[in-house]
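The UniProt record's numbering numbers the first residue of the sequence shown as 1 and each following residue consecutively.
Here a beta-carbon is modelled for each residue, glycine too, at the ideal position from N, C-alpha and C.
Just below is one structure, and these are the notes that go with it.
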Amino acid sequence: MKTMITYSELIHELKAIKEMSFIRTHRSGNTGIGKTIEDLLGIEENNVPGPNAGMIELKSARRNVSSMLTLFTKSPLP
1 MKTMITYSEL IHELKAIKEM SFIRTHRSGN TGIGKTIEDL LGIEENNVPG PNAGMIELKS
61 ARRNVSSMLT LFTKSPLP
């Protein structure tokens with residue numbers, strides 16, 4: 001599995017994935033979208049804060065959803 005990917009590689013891979021048309025999710029539930037795209041890109045799943053594709057943090061969401069997407073979460077200091 002890749003842990004780093006350049007911007008150019010990411011764009012190339014996303015275009016190739018787009019050409020695949022319908023793709024069945026690799027996991028059910030709300031996290032299925034992100035898990036599937038990471039699998040297709042060959043990016044290892046992680047739960048650490050920070051970018052997961054080189055210098056890029058991937059985010060995914062369903063269409064026509066009114067819930068907000070969290071880009072950054074600030075944790076309180078002890």
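Check	Outcome
Helix, strand or coil for residue 5? Go by DSSP, reduced to three states.	coil
If residue 56 and residue 7 are in contact, beta carbons under 8 Å, what's the gap, nearest whole angstrom?	7 Å
If contact is defined by three or more beta carbon pairs under 8 Å, each pair taking one atom from either stretch, is the segment 6 to 23 in contact with the segment 63 to 73?	no
Could you tell me if residue 37 is buried or exposed, where buried requires 16 or more neighbouring beta carbons within 10 angstroms of its beta carbon?	buried
Let me know the secondary structure DSSP gives residue 12 once reduced to three states.	helix
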